[in-house]
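The structure appears below as structure tokens.
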Ligand code: NDP
Ligand code: 2IT
């Protein structure tokens, strides 16, 4: 690595020694940017990288709320407003006990380049809380969301910062958050995306990340003269992204044999067909149950509890393709080796940064087609941008119209990441391609806008 990039990595580690996920994302990003840094003296001169690794603003706040037993609970809320060179800050809210400033900064950093790749006008941000919606009543979730928004509302707005969902934040939470924003501001505006279609939401937003992921992967497969027809696929997670990844893979003739949650995974050798997927949607989105129940419902399937926290057995089965759709760092080196040994030819990341850097290298060395998250899962935020456009115009497009745009955007991201890979790194290295293509647009906008 060049002195300039390694010095920055060192600086990030020294300044915030505990922010390991943030170090991880910055290191991965700078390893790609290192390949072009001396072709771009103006970027060095304008100190673009130094500015990029520092969020424009971080808001951290107390979230007090009263649970069903009348006990006061206190959580920590965050909003990281990372970069607004390309538009208002945009990115999801995550409610999960693991949430901390490092995870918020890593997600906001990734989001900045992901949003740039979509070609739409969005800066990068992320927020959330260490609150866990699991096991809480609807009323408790509502009280938490109202308290969270009571602080957050003063920092966001349809032209300032537009949050959306992420882990633990789905349509129920977006509804409660939107209701409270409207009450506090007395304005009905597109301040959040992922809204219900009857009150400003876009059709296809729920489907967008999973469908977009499969559109992206299909473009890669097509270039390699492959198709999903008859392919066996491993999917991890069982939430929003996982569900719609399975739905689109089924539509293209693939057979998905796994799903998981934070307790364990199920393996169904006969495939999770549309009827079984409808069951999973009811189980996870309405009954808010555990994936273990799938194996009680369908006797051909087996449930494997995780041996330890964050060990993931999904990657131990024979398959052609793998789609990590749960959370960060769910594929380590041993998992990557298992994937290669089990015949996997393509890994496409639905979750953000699910594959550790050494595991990515191992997959690439073995010729596995690898779709990095900031390119492959950008369909969700892309349709969020389309939701913002519909809100501004006070109109609503049909599902078909949004789906067509999503397909076009995903093909466009694949084309720009591939072109940047070929020009600056090596053909097919979409990790470098996505980082470089996403970065260049943000960097030039920052230079155009002066030292801010
Ligand atoms: P959901 O909350 O709908 O689903 C998350 C799934 O992942 C659940 O099955 C959950 O299990 C599982 N999970 C969460 N944390 C862990 C963990 N530590 N170990 C194992 N499993 C875990 O979230 P989404 O589907 O929206 O998000 C999944 C991933 O996709 C995240 O990385 C998110 O950042 C990313 N993403 C989401 C987008 C979106 O539009 N929603 C857009 C782009 C990326 P359990 O039920 O036990 O909690
Ligand atoms: O990681 C992501 O891209 C998201 N959680 C979606 C963000 C959004 O604003 O739609």
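Numbering (the numbering used here), first residue to last: 36 to 487.
Positions of the beta carbon are idealized from the N, C-alpha and C atoms, including for glycine.
Any non-hydrogen atom of ligand 2 within 6 Å of residue i CB
i	result
residue 228	yes
residue 127	yes
residue 416	yes
residue 172	no
residue 201	yes
residue 119	no
residue 419	yes
Neighbourhood of residue i by C-beta, 6 Å cutoff - its chain only, sequence neighbours within 5 removed
i	result
residue 357	269, 374, 379 and 382
residue 215	181 and 184
residue 242	279
residue 321	none
residue 93	115
residue 70	459 and 460
One or two residues paired with residue i in a DSSP bridge
i	result
residue 295	300
residue 269	357
residue 192	196
residue 523	Nothing in the structure corresponds to residue 523, since the chain is present only between 36 and 487.
residue 69	DSSP output for residue 69 lists no bridge partner at all.
residue 290	267
residue 125	197
residue 116	92 and 160
residue 130	164
Residue i and residue j closer than 7 Å at C-beta
i	j	result
residue 125	residue 95	no
residue 164	residue 98	yes
residue 63	residue 141	no
residue 280	residue 248	yes
residue 255	residue 404	yes
residue 160	residue 128	no
residue 166	residue 130	yes
residue 196	residue 123	yes
residue 267	residue 300	no
residue 273	residue 319	yes
residue 203	residue 168	yes
residue 81	residue 482	yes
residue 200	residue 229	yes
residue 361	residue 397	no
residue 394	residue 367	yes
residue 452	residue 465	yes
residue 359	residue 400	no
residue 430	residue 67	no
residue 347	residue 328	no
residue 326	residue 296	yes
residue 467	residue 454	no
Sequence-distant residues of the same chain with beta carbon closer than 8 Å to residue i, five excluded per side
i	result
residue 426	193, 224, 225 and 235
residue 434	238 and 239
residue 265	288, 289 and 290
residue 103	172, 174 and 175
7 Å Cβ shell around residue i - same chain, five flanking residues per side excluded
i	result
residue 409	145, 148, 149, 152, 469 and 473
residue 316	278
residue 263	253, 256, 284, 287, 288 and 289
residue 377	352, 353 and 354
residue 155	417 and 420
residue 413	149, 152, 153, 247 and 448
residue 77	482
residue 39	72 and 79
residue 137	53, 54, 55, 56 and 57
residue 213	227 and 230
residue 330	301, 336, 337 and 338
residue 306	290, 291 and 292
residue 259	404
residue 333	303 and 311
Closer than 6 Å: residue i CB and nearest ligand 1 heavy atom
i	result
residue 361	yes
residue 244	yes
residue 313	no
residue 386	yes
residue 167	no
residue 351	no
residue 273	yes
residue 308	no
residue 135	no
residue 370	no
residue 477	no
residue 364	no
residue 470	no
My parser needs the beta strand (DSSP E) runs of 3 or more residues fully inside the region 330-360; what are they? 337-340 and 356-358
Ranges of the beta strand (DSSP E) found wholly within the region 366-415, counting only runs of at least 3: 381-383 and 404-406
Which runs of the beta strand (DSSP E) fall wholly inside the region 142-226 and span at least 3 residues, in chain order? 159-164 and 196-199
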